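One structure is given here, and the rest of the page talks about it.
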Amino acid sequence: MAGTGIFTEILDGEVYKYYSDGEWRTSSSGKSVAIVNPATRKTQYKVQACTQEEVNKVMEMAKSAQKSWAKTPLWKRAELLHKAAAILKDNKAPIAESLVKEIAKPAKDSVTEVVRSGDLISYCAEEGVRILGEGKFLLSDSFPGNERTKYCLTSKIPLGVVLAIPPFNYPVNLAVSKIAPALIAGNSLVLKPPTQGAVSCLHMVYCFHLAGFPKGLISCITGKGSEIGDFLTMHPAVNCISFTGGDTGISISKKAGMIPLQMELGGKDACIVLEDADLDLVASNIIKGGFSYSGQRCTAVKVVLVIESVADELVEKVKAKVAKLTVGPPEENCDITAVVSESSANFIEGLVMDAKEKGATFCQEYKREGNLIWPLLLDNVRPDMRIAWEEPFGPVLPVLRISSVEEGINHCNASNFGLQGCVFTKDINKAMLISDAMETGTVQINSAPARGPDHFPFQGLKDSGIGSQGVTNSINLMTKVKTTVINLPTPSYSMG
Ligand code: NAP
4 MAGTGIFTEI LDGEVYKYYS DGEWRTSSSG KSVAIVNPAT RKTQYKVQAC
54 TQEEVNKVME MAKSAQKSWA KTPLWKRAEL LHKAAAILKD NKAPIAESLV
104 KEIAKPAKDS VTEVVRSGDL ISYCAEEGVR ILGEGKFLLS DSFPGNERTK
154 YCLTSKIPLG VVLAIPPFNY PVNLAVSKIA PALIAGNSLV LKPPTQGAVS
204 CLHMVYCFHL AGFPKGLISC ITGKGSEIGD FLTMHPAVNC ISFTGGDTGI
254 SISKKAGMIP LQMELGGKDA CIVLEDADLD LVASNIIKGG FSYSGQRCTA
304 VKVVLVIESV ADELVEKVKA KVAKLTVGPP EENCDITAVV SESSANFIEG
354 LVMDAKEKGA TFCQEYKREG NLIWPLLLDN VRPDMRIAWE EPFGPVLPVL
404 RISSVEEGIN HCNASNFGLQ GCVFTKDINK AMLISDAMET GTVQINSAPA
454 RGPDHFPFQG LKDSGIGSQG VTNSINLMTK VKTTVINLPT PSYSMG
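So for the sequence shown, our numbering puts the first residue at 4; every next one is plus one.
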């Protein structure tokens with residue numbers, strides 16, 4: 004159970020502690036933030052509402068711990084990461100249980116998230132020792148007018164303090180996808196977990212604590228993003244921000260100083276379906292892509308753009324599969340569970356009602372109880388409806404019927420988002436042309452959009468992000484290139 008067994012140290016009465024300077028602490032604010040269980044709508048957990056002074060302290064510690072961490076051999080950094088990964092996987096049950104209670108993620112998927120996170124940490128440790136163990140050696144005489152009098156040596160150096168802010172939907176996985184590359188590269192790390200997901204993150208951080216990382220190198224500050232977020236993101240000690248979430252990322256990027264940013268933001272992933280597509284394959288992927296974790300995935304299929312001639316058949320196939328989705332508590336592994344909050348459910352309902360007023364065809368009856376929204380496919384959606392463009396982040400999927408592939412590509416490219424997209428066709432040549440024309444960070448051919456496996460590059464264009472994720476890209480983003488040039492008094496050419 005969460006907060007028990009090896010984890011008792013992180014709980015103070017009924018409020019979870021925050022982590023600073025290698026110690027689990029109670030905030031001097033005397034205040035806590037409630038975490039409401041999305042399914043029961045009752046307070047499930049409480050976390051500390053940290054103060055600005057506590058943030059200052061954490062930053063000071065992070066700066067000084069980083070100096071010695073950067074002098075720790077790579078193999079030793081990797082060893083500690085492997086240890087943390089093993090502890091995390093050994094303790095998957097209580098962490099997964101917190102995910103179920105905080106974000107209503109189905110129990111099986113919650114376990115998968117923790118295990119995948121352990122694998123990501125290990126992979127990152129392995130990749131780090133290789134890519135950080137290599138540099139470049141350049142010779143001056145390849146540039147016109149130069150003799151071979153300069154030897155240039157490059158290596159990758161850490162940035163300093165990395166601030167990591169993950170979102171609620173994959174709080175553990177998207178936290179470690181920032182923590183592991185930051186640490187292997189020699190940075191220190193300050194984590195601000197999402198409020199819904201904070202308790203899972205605190206358990207995960209405890210696994211790093213048990214692995215024996217130096218004091219102050221990793222910290223976890225809890226509190227509402229709206230209250231403590233600006234102070235954290237504009238803190239002068241921060242040398243890099245790795246953020247995943249919604250539009251908040253756009254405002255952070257406008258306020259942040261001259262530091263590297265890794266921003267993974269929202270998406271409106273389009274699924275373009277051609278006449279020759281295998282419609283059974285498309286229907287299964289629409290269900291998996293559109294409705295898993297109740298549509299609360301950045302890479303969920305968020306709009307289907309289907310050629311009119313096959314639209315009726317596809318909609319029938321998807322409808323039949325929607326009817327089989329189970330709806331209910333995450334503990335029972337239902338396919339559709341409550342969305343994260345009442346405000347999120349209200350927002351989704353607003354999109355649905357707008358589509359209703361404007362004449363979309365409802366393939367199922369709209370049904371909602373509290374934060375639980377039954378899966379809904381909306382056919383004959385038109386571009387004047389909000390749901391054609393906005394990200395519902397819920398189990399509600401619009402279908403737009405198109406008369407040509409160009410119409411589909413144009414719709415996809417008119418979006419302010421550009422995360423992923425997918426195309427279904429048996430013609431690989433057409434698929435490649437469509438992929439090239441789509442203004443998105445990734446295009447999947449004959450499968451639903453997805454992040455991962457976690458070493459694949461993952462990036463959004465336009466309002467969907469800055470920089471690229473994926474183990475190697477994250478390590479590179481969290482380092483800088485340093486060069487040393489050896490100047491020789493006379494040209495020297497190495498002879499064979
Ligand atoms: P969100 O509301 O933007 O929150 C993300 C994180 O930002 C949370 O930790 C939140 O903390 C924090 N935050 C809020 N205000 C802040 C501020 N002023 N300064 C700094 N941090 C602040 O997003 P969400 O609702 O958790 O997640 C859903 C969104 O994430 C969707 O748009 C989805 O598409 C996107 N997403 C993108 C990716 C990707 O890789 N592209 C992956 C997953 C999700 P609190 O919880 O305390 O408010």
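Note that the Cβ used here is the ideal one computed from N, Cα and C, for glycine as well.
As the structure is a prediction and not an experimental result, all values here were calculated from the model.
Item	Value
Looking at ligand 1, does it come within less than 8 Å of I489, judged from the CB to the closest heavy atom?	no
Can you name, in chain order, every residue of its own chain whose Cβ lies under 7 Å from the Cβ of Y320, other than the five neighbours on each side?	Just to set this straight, residue 320 is Lys in the shown sequence, not Tyr. Here the set comprises L282, D283, A286.
Is P169 helix, strand or coil by DSSP?	coil
Three or more C-beta pairs under 8 Å: does that hold for the region 249-265 against the region 452-469?	yes
Among the residues of its own chain, which have a CB less than 6 Å from the CB of A314, if the five just before and after it don't count?	R404
Quick check: the Cα distance between Y529 and Y154, rounded to an integer number of angstroms?	The displayed coordinates of the chain run from 4 to 499. Any statement about residue 529 would go beyond what the structure contains.
Assign N94 to one of two classes, buried (16 or more other C-beta atoms within 10 Å of its C-beta) or exposed (fewer than that).	buried
What does DSSP give as the partner residue(s) for E26 in the beta ladder?	S23
Grouping DSSP H, G and I as helix and E and B as strand, with all else coil, what is F396?	coil
DSSP state of Y369, grouped into three classes?	coil
Only counting the same chain, and skipping five residues up and downstream in sequence, which positions put a Cβ closer than 7 Å to that of K34?	A52
Going by Cα to Cα distance, which pick from I412, F459, C204, G131 is closest to V103?	C204
Can you list the beta strand (DSSP E) stretches of 3 or more residues lying completely in the region 89-117, in chain order?	none
Indicate whether I275 and G138 have their beta-carbon atoms separated by less than 9 Å.	no
Run through DSSP, which three-state label would N490 get?	strand
Among G163, N172, T43, whose alpha-carbon lies nearest the alpha-carbon of G219?	G163
Hey, G6 and L14: beta-carbon distance below 9 Å or not?	yes
For the candidate residues A273, S477, V355, I160, whose alpha-carbon lies nearest to that of P76?	I160
Can you give me the C-alpha to C-alpha distance between V165 and T428, rounded to a whole angstrom?	42 Å
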